Amino acid sequence: MKLRDFVLRRIILAIPVVFGVLTITWFLSYIVGDPITMYITERTPDAAIPGIRAAHGLDESPVVQYFIYLSNLFQGNWGVSTSTGADAPVLELLAMKFPATIELAIVAMIFAIVLGIPLGIISATKKDKVQDHITRIFALSGVSMPIFWFGLMLKYLFFFQFSQWGLPYLPGGDRYNIRRFSYEPTTGFLLVDSLVFEHNVYMFTDALVHLIMPGFCLGYITLAIITRMMRSSMLEVIKEDYITLARSKGLTERVVIYKHALRNALIPTVTVIGLAFGGLITGAVLTETIFNWPGLGRWAVRAILNADMAAINGFTLLVAFIFVIANFIVDMIYGVLDPRIRYG
Amino acid sequence: MESESQTPHLQDNHGEDENAITFRILVIIQIIFIMSSLILGGIIFLGNIAYMIQGLMGISTIPNELISMWSLQGFLVLILSILLMRSYQGVMEKLPDAFSSSFYLYVFLTVIFATMGSFGLVFIIVIILQLVLIFIPSVRILWFEEFVEDTKPRIKETRFTLHLVRKSPLVVVGILIIVFMVGVAFTAPWIATYEGTDMVFEDAKLPPGAESNTIKLNFAYALDDMQFNPDIMPNYYYDEVAITEDHLKTVEIPRMFIGVSDMNTGFDAVSVNITFRIYNLNVTEYDAMTESERLSYLYADDSVISNTSVNRDNLLRYINLNNETGVYVWELQFTASQKTTEWSVNTRVGISYYSIYPIHIWGTDNYGGDIYSRIIWGAQEDLKISLSVVAVAVTIGAVVGAVSGYYGGKFDELVMRVTDIFFAFPGLVLAMAIVMALGTRSLETISIALMITWWPTYARLVRAQVLTEREKLYIEASRSSGASDTRILVSHILPNTIQPVIVQATMDIGSVLLVAAGLAFIGFGPPVGTAEWGMMIAVGQDYILSSPWMTLYPGLAILVTALAFNLVGDGIRDIMDPKLRRR
Amino acid sequence: MTTTPDDLVLNVKELYLNFYTYEGTVRALDGVNMFLRRGDTMGVVGETGCGKSVTAKSILRLVEAPGKIESGEILLYDKDQETGQIQEIDIAKLQQEEMLGIRGNKISIVFQDPATYPNPVFRVGDQISEVIELHQDLSLDVLNMKIAKLELSLSASTTSENRAEIEEKINYYKQQLDNPPKPDKKSKREAAKLKAIEMLKLVRMPAPEQVANQYPHELSGGMRQRALIAASLACNPSILICDEATTALDVTVQAQVLMLLNQLKKEIGSSIIVITHDMGVVAETCNWVNVMYAGVTVESCATLELFEKPIHPYTAGLLTAVPKLHEDRDRLPQIRGTVPNLITPPSGCRFHPRCDYATKICKEKKPLLEEQKPGHWVACHNPLNS
């Protein structure tokens, strides 16, 4: 398959998914509440409401409303979010909050990959030994804990209790120490901004310290998924004939495992990593609330609690886009790792 | 030579005759059995559907008790009977396969009928009759040897699997925890010190191990709504009560409670003298004494004349007892001037005493609910949610996935796009939206929301498995030997795809707990006060700094339970994986 | 078996190997004896499951748990390249780390299935150069490569100043030829790659430079097997084990590969062990045969003698079961019974339940491998043709 054909095929496959999500979000906002709430706020005078209703075609039949909704979306009119205090267009808010969440998700992903892959390898090579048991319990705990509970417990111990005991403690929330630094987002990625634009190393380290707990908390589930996948694919691979061949060449066990087996075992693991990235954004909903992280997740929770349909829809669409894009990237990496699949 | 070859021939003939008779009986019984169980299942199933339609349309006719009681059983009986009917067709053609499959179906049906009371017993007897018949030697030769040959490797595999399970400590630990948790859920009424909904407001936010701040009023009735015989006058009743250490745990004094109310002697309007006495005696001494002798041991007494026409006096009194252990005899006596034809009365006699509330081993929540008890009650609710969600999701997913994988084409495309959409949706948001759309926030709506969000996983899984299995040579072989699609799907493909589904389902039982908890956290949990783990954490987070135990223990409960299911699922995957399975 | 070690490269003595499984201990090898002379091609034949491959894997110590070598010796007579001294190494007693220097270097193996044995995610050339880089001292090759490169640029460059500089460099490198310095990793890798292409040429691979950059799935089965053979011959091993190396190939490709192996044997000076169940392959390629039955060596002699006068009843049965062109038979004769279960092997001689010549002693006593005739070892109480 040519690379171009492949990309085209992926895009064609993604279209129904995106449309499906669009339709469902519209349908939900239609049945759950009055869609007019997407465009008005508490401060909108009552008299203006019929006008707004007509302007957005909300007095038309549902089918027409659906198409109006779609055309609004494509014109960048995603509605107005009312739950953030100051009313603001959803698209603007998404763009504003997105970097914080992505930064957190990337850090979480780095945690997960850096710890997960070696743990999976250890677990597979020491199968049924103590190391394997410990690793598995550690990994499976990640998918057995409510993420917000884990966050609460981390925060209670490392922030609250540690500060009570006079130990060096980790910050319990926010992206940076608000009292020490003032931050004007340039790219929105605090780690990038602090180093590249503000040249403030203290701010950078402060941001890093603030990322530790939420990053680990969010990454733990993904870590568990990666470890498990790595373990099982590694177990499968080391039974393969080409590993026997590699051993018969006189290669050390290290080289056999980390060169010959790892490269093959990574192929299914990468798929899982890609899929887990979508899950990270959902996980962020809970983590960000616990750690007071000014990202999409906390905003979404607030929107949910206030039945702010415009914000919920915006969030959902964004997650769906991220999911589709992550899948696409996974397929590309797949091709790089596995020479049997070639796109061009 | 000639005679030798003739003798077995004769025997064969004879055997076939006998065979034919038993076989005919078997077939007749089978027909009767299948008809009646089809009818039974059908009635219950259709009745339920009718009931549901009624409910939707808002008509309310109370359904037959039989229908509402055994809705699940009826459905299962119907499905199994249909399967059994198919294997009976084979039995009539004397296919060994059909005999063994009906044998299995008998086992399943027996289990189901066993839950259906005396009604099911009749069916079980018929099943046993059929079992006896198919084990009669002349019928047995038709199938039994092949059956044994068939099951031998399966039994061997199972033994080997059990051996591997025993050898992997994590799976064993997981199974033990699961068994423990299920045990906890079942024995909750006995091991929980409080009810799930109990709130002792004085005890709000007590730390683990704290004693209760308040005391609990208890009643121990010696006589509860006793009806006296109006024909005998005077009519009296007596018994011994003992004041034990149990009644003296607090500073409050134990009291005797006497309640006689709502006396009605009908139109006769007889006035009745009600006397209540307490003696400082035990019952043997009481029996040995005359009435006047007893009076010198009188501890307290009270009486009232209840006249239905003039005044309907009730006797409602608390009488303080000595604050020490001891034995009393109480006596309740009705005396009327004349007999009456009608007579009704509410009577109660008992001790009222105070006891200390049980210790809050794991502390209390903000409403004074006991965390330990609520976790135990929560085990019931949470396991119920997880199991039902996974069971339904697996069923829907397996059917959709199998059909779409096996037949492919347009339907397959459609299913895959739909699952894509489901995967692209943030799960929590979708579940939340469904709960919102369903309106009420209860454990049921949460379950339904989770079922809807969960089935695509299984559809994907089963589809992928069916796709790989479909291409295998043995399927080709059985298709070329003329097996129908349904037969290939049910008897070849599904058994070979079931293993990853089992693994996924086991692990998902844990995950459902987490998502349910997540829903509770963002405010879409069951009503406040429900003993459900996720809800307990969600409530506790507001008090994390002052009373962390409110959050800690329910979280640990989820962690341990979900971990157990995950350990078992993960372990089973290792054990069942043909690539890792080694002897 | 007694032979002078001078002409031997490998001597396996009384090898016992068990697999500890759930169903019981599988006594897979129960006294395997075989020796390999320098320059010989030795065949190991037997039915499926008789322990041929396990023997091959235990020579390389590649048998994994639950398999375990119980007793016996696997003696490798390693000839030192410079002194010509012969050193005796007992492979059965080596640690796994010590085995690393032997695998792929002194003993290498070609496996059965060219579809599953090459690593799918690495280029063919890399998989060959990997062995070379691992086992060979490439310092001389690196120098030669550098000189060759410079000479190439010398012929290309025009200015005299440049030429002088390059010539000076060439001379500098040439001085080092007697005592080459340790090369750096990058140039070593480059040299190994060049050598890998040479190896591909050696195995008659068409367009070796191109093939070296291809992935295994892009090659045909025969080409893949050639590549695997190239990898196993890359370090001039003294023993090459072909474990059913041609079984998965087409008959025509099979013939090509066999011919190639015999040619290469002479070019490289290795000895070859051919493990097969195909008597035809043995007849074509081997000059010595070991016949195995249920984990035991039952007969060992020169190929011609075996085909003409087999002594062990099992070998005789095996040979009559081979179809012959000039014979006209309705039904091929077969050895009655089936291969025994090795968890509960038959007592005494493992072949006795299937043997037409079995006597009481066969059931009671295990026959030893003895030289019944000069150059013909048999383990049988009732040998034929003697």
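Chains as they are written, first to last, in the working numbering: chain A, 1 to 344; chain B, 345 to 927; chain C, 928 to 1313. Ideal placement from N, C-alpha and C gives every residue a C-beta, glycine not left out. If you're wondering where the values come from, they're calculated on a predicted model, not measured in any experiment.
One question on the structure: do residue i and residue j come within less than 9 Å of each other, judged by their Cβ atoms?
{"i": "Leu-486/B", "j": "His-133/A", "result": "no"}
{"i": "Gly-215/A", "j": "Ala-300/A", "result": "no"}
{"i": "Gly-1196/C", "j": "Gly-250/A", "result": "no"}
{"i": "Tyr-711/B", "j": "Phe-545/B", "result": "yes"}
{"i": "Ile-796/B", "j": "Leu-811/B", "result": "no"}
{"i": "Leu-280/A", "j": "Ala-105/A", "result": "yes"}
{"i": "Gly-79/A", "j": "Ala-320/A", "result": "no"}
{"i": "Ile-602/B", "j": "Asp-657/B", "result": "no"}
{"i": "Ile-819/B", "j": "Ile-837/B", "result": "yes"}
Starting from residue i and walking both ways along the beta strand (DSSP E), at which residues does that stretch end?
{"i": "Thr-1324/C", "result": "Summary: the structure shown does not reach residue 1324/C, with chain C confined to residues 928 through 1313, and so no result is reported for it."}
{"i": "Tyr-623/B", "result": "615 to 623"}
{"i": "Gly-951/C", "result": "951 to 964"}
{"i": "His-507/B", "result": "Looking at the DSSP string, His-507/B is not in any beta strand (DSSP E); the run it does join, the alpha helix (DSSP H), is 488 to 511."}
{"i": "Glu-941/C", "result": "935 to 948"}
{"i": "Phe-767/B", "result": "Element bounds for Phe-767/B: not the beta strand (DSSP E) but the alpha helix (DSSP H), 753 to 768."}
Starting from residue i, follow the alpha helix (DSSP H) in both directions and report where the run begins and ends.
{"i": "Cys-352/A", "result": "With chain A covering only 1 through 344, there is no way to say anything about residue 352/A."}
{"i": "Gln-1014/C", "result": "From DSSP, Gln-1014/C is part of no alpha helix (DSSP H) but of the beta strand (DSSP E) over 1013 to 1017."}
Straight-line CA distance for residue i to residue j?
{"i": "Thr-874/B", "j": "Gly-913/B", "result": "29 Å"}
{"i": "Thr-1203/C", "j": "Val-953/C", "result": "22 Å"}
{"i": "Phe-755/B", "j": "Leu-805/B", "result": "16 Å"}
{"i": "Ala-284/A", "j": "Ile-225/A", "result": "16 Å"}
{"i": "Thr-1265/C", "j": "Thr-830/B", "result": "39 Å"}
{"i": "Asp-356/B", "j": "Ile-369/B", "result": "Reliability of the predicted coordinates at Asp-356/B is poor, the pLDDT of 46 falling under 50, and no value is obtained from them."}
{"i": "Gln-374/B", "j": "Leu-424/B", "result": "14 Å"}
{"i": "Val-237/A", "j": "Thr-25/A", "result": "42 Å"}
{"i": "Asn-667/B", "j": "Asp-606/B", "result": "32 Å"}
{"i": "Lys-346/A", "j": "Asp-331/A", "result": "With chain A covering only 1 through 344, there is no way to say anything about residue 346/A."}
{"i": "Ser-347/B", "j": "Ile-480/B", "result": "Caution is warranted here: a pLDDT of 42 is assigned to Ser-347/B, below 50, making its placement in the model unreliable, and the coordinate value is therefore given only provisionally. Answer to the nearest angstrom: the Cα atoms are 29 Å apart."}
{"i": "Lys-1073/C", "j": "Lys-1120/C", "result": "14 Å"}
For residue i, collect the residues of the same chain with a Cβ closer than 6 Å to its Cβ; drop the 5 residues on either side in sequence, then sort them by chain order.
{"i": "Asn-1217/C", "result": "Met-961, Val-971, Thr-1224, Ser-1227"}
{"i": "Cys-1169/C", "result": "Val-1037, Val-1201"}
{"i": "Leu-93/A", "result": "Ser-81"}
Step through the CB atoms of chain B and report whether any lies within less than 9 Å of the CB of residue i.
{"i": "Phe-315/A", "result": "yes"}
{"i": "His-260/A", "result": "no"}
{"i": "Met-230/A", "result": "no"}
{"i": "Trp-78/A", "result": "no"}
Whose C-beta lies closer than 8 Å to the C-beta of residue i among residues of the same chain, with five residues either side of it excluded?
{"i": "Leu-1067/C", "result": "Leu-1104, Pro-1107"}
{"i": "Leu-782/B", "result": "Thr-789, Ile-792, Ala-793"}
{"i": "Glu-950/C", "result": "Ile-1270"}
Could you check whether the Cβ of residue i sits closer than 9 Å to any Cβ belonging to chain C?
{"i": "Ser-123/A", "result": "no"}
{"i": "Thr-244/A", "result": "yes"}
{"i": "Asp-338/A", "result": "yes"}
{"i": "Leu-223/A", "result": "no"}
{"i": "Gly-172/A", "result": "no"}
{"i": "Leu-251/A", "result": "yes"}
Are the C-beta of residue i and some C-beta of chain A separated by less than 9 Å?
{"i": "Lys-923/B", "result": "yes"}
{"i": "Gly-867/B", "result": "yes"}
{"i": "Pro-1280/C", "result": "no"}
{"i": "Ser-855/B", "result": "yes"}
In chain D, which residues lie with their C-beta within 9 Å of the C-beta of residue i?
{"i": "Arg-761/B", "result": "Looking for chain D here will not work: the only protein chains present are A, B and C."}
Tell me which same chain residues have a C-beta within less than 7 Å of the C-beta of residue i, skipping the five on either side of it?
{"i": "Arg-247/A", "result": "Val-256"}
{"i": "Val-671/B", "result": "Glu-584, Ala-586, Asn-626"}
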